[in-house]
Amino acid sequence: MQTKSETTTQEPTKKNKTPATYEVVVCVKNTNNENGPGHVSGFTSKKRDGQTSITHTSYFPGAVGSLINGFTFGSVPVPGQLEPKHEQDLKEADHVLKATLTKDQYKQMKKAQKEFSQEVESGQRTYSVFSTSNPLASFFPNVLRGGTGAKLVKEKLGCEPPEDHFGMPVYDNDHPKVPKLKVDNCASSVTHLLKKGGFKFENPKIPTFFTPALQELGFEEVSKSMFSAKK
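Laid out in structure tokens, this is it:
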């Protein structure tokens with residue numbers, strides 16, 4: 065009797081990947097006579113097998129915006145700008161603080177960074193050095209939003225909207241919706257990022273105050289040389 069022999073072929077074992085580590089890093093440039101209002105920015109970091117991926121959020125008004133903010137004491141919000149590279153902020157920082165993240169925290173913060181960037185590019189987020197601390201900084205975006213809404217209604221109807229007997233424009237319930245304009249600065253942008261990561265953090269509003277506030281949350285102050293060579 066002939067016996068059929070069976071052979072079992074084992075698939076090669078896949079190489080185990082080294083687990084990734086995740087961090088958030090905040091760069092603080094103090095508020096003083098030398099630095100002026102100072103600056104605060106933050107970046108998320110993913111490390112695996114000697115490779116580091118960094119996504120940086122640094123919100124500022126630019127040269128022209130700084131002049132307008134200065135002349136109006138932050139009353140008139142201006143278009144903001146984002147610096148995607150972390151090297152300059154790291155170089156100028158007086159303090160660098162970091163905290164370890166879970167994978168889920170990292171994903172939520174990366175998502176928040178992407179959304180913030182898109183809203184800056186679309187003009188939905190504007191910059192004011194005092195953010196909403198200056199009530200006029202909130203007033204002007206509301207005026208602009210109202211003007212934009214009226215323009216969209218005119219484009220939809222092909223003419224001016226009808227008026228009531230008092231001469232006021234009348235809009236139907238189906239009028240185009242205009243996204244609310246948001247007023248931010250560097251401090252509120254970093255606070256937004258940290259909150260999206262699950263940190264119970266209240267905006268200190270002044271860059272210098274970020275260092276003690278973050279240390280209370282368990283952030284560790286580290287040497288900027290730990291990151292200066294990373295891309």
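Start counting the sequence shown at 65; every next residue gets the next number (this note's numbering).
All C-beta atoms, glycine included, are put in the ideal place defined by N, C-alpha and C.
For residue i, I'd like the list of residues in its chain whose CB is within less than 6 Å of its CB, leaving aside the five on either flank, ordered along the chain.
i: Gly262; result: Gln169
i: Ala277; result: Pro268
Taking the alpha-carbon positions, what's the residue i to residue j distance?
i: Leu245; j: Leu161; result: 31 Å
i: Thr82; j: Asp113; result: 6 Å
i: Ser287; j: Asn94; result: 16 Å
i: Phe204; j: Pro141; result: The predicted position of Phe204 is uncertain, since its pLDDT is 46 and thus under 50; a value taken from the coordinates is nonetheless stated next. Phe204 and Pro141: Cα-Cα distance of roughly 7 Å.
i: Asn249; j: Tyr191; result: 5 Å
i: Lys174; j: Gln115; result: 18 Å
i: Ala84; j: Gln145; result: 31 Å
i: Glu284; j: Val89; result: 9 Å
i: Val247; j: Met290; result: 33 Å
i: Gln188; j: Pro125; result: 14 Å
i: Lys297; j: Gln279; result: Given that the chain is displayed from residue 65 to residue 295, the structure contains no residue 297 and the question cannot be resolved.
Taking buried to mean at least 16 other C-beta atoms within 10 Å of its own C-beta, is residue i buried or exposed?
i: Gln177; result: buried
i: Asn97; result: exposed
i: Leu317; result: Nothing about residue 317 can be reported from this structure: the residues present for the chain run from 65 to 295 only.
i: Ser186; result: exposed
i: Gly210; result: Reliability of the predicted coordinates at Gly210 is poor, the pLDDT of 44 falling under 50, and the value obtained from them is presented with this limitation in mind. Classification for Gly210: exposed.
Per DSSP, residue i is paired with what?
i: Gln108; result: Looking at the sequence shown, residue 108 is not Gln but Thr. In DSSP, Thr108 forms a bridge with Val88, Thr119.
i: Thr190; result: Pro143, Val247
i: Glu285; result: Leu161
i: Lys93; result: His103
i: Phe124; result: Gln145
Enumerate in chain order the residues of its own chain whose CB-to-CB distance from residue i is below 8 Å, with the five nearest sequence positions on each side excluded.
i: Asp153; result: Cys91, Lys93, His103, Ser105, His120, Ser122, Glu147
i: Glu266; result: Thr255, Ala277
i: Lys259; result: Phe265
i: Thr272; result: Val92, Asn94, Thr95, Asn96, Gly102
i: Gln172; result: Lys260, Gly261, Gly262
Mind reading off the beta-carbon distance from residue i to residue j? Whole number of angstroms is fine, and I expect it under 8 Å.
i: Glu87; j: Thr164; result: 6 Å
i: Thr275; j: His159; result: 5 Å
i: Phe180; j: Ser117; result: Incorrect: roughly 18 Å between the Cβ atoms, too far for contact.
Using a Cβ-Cβ cut-off of 7 Å (strictly less than) and excluding sequence neighbours within five positions of residue i, which residues of its own chain qualify?
i: Asn99; result: Lys93
i: Ala157; result: Cys91, Val92, Lys93, Lys288
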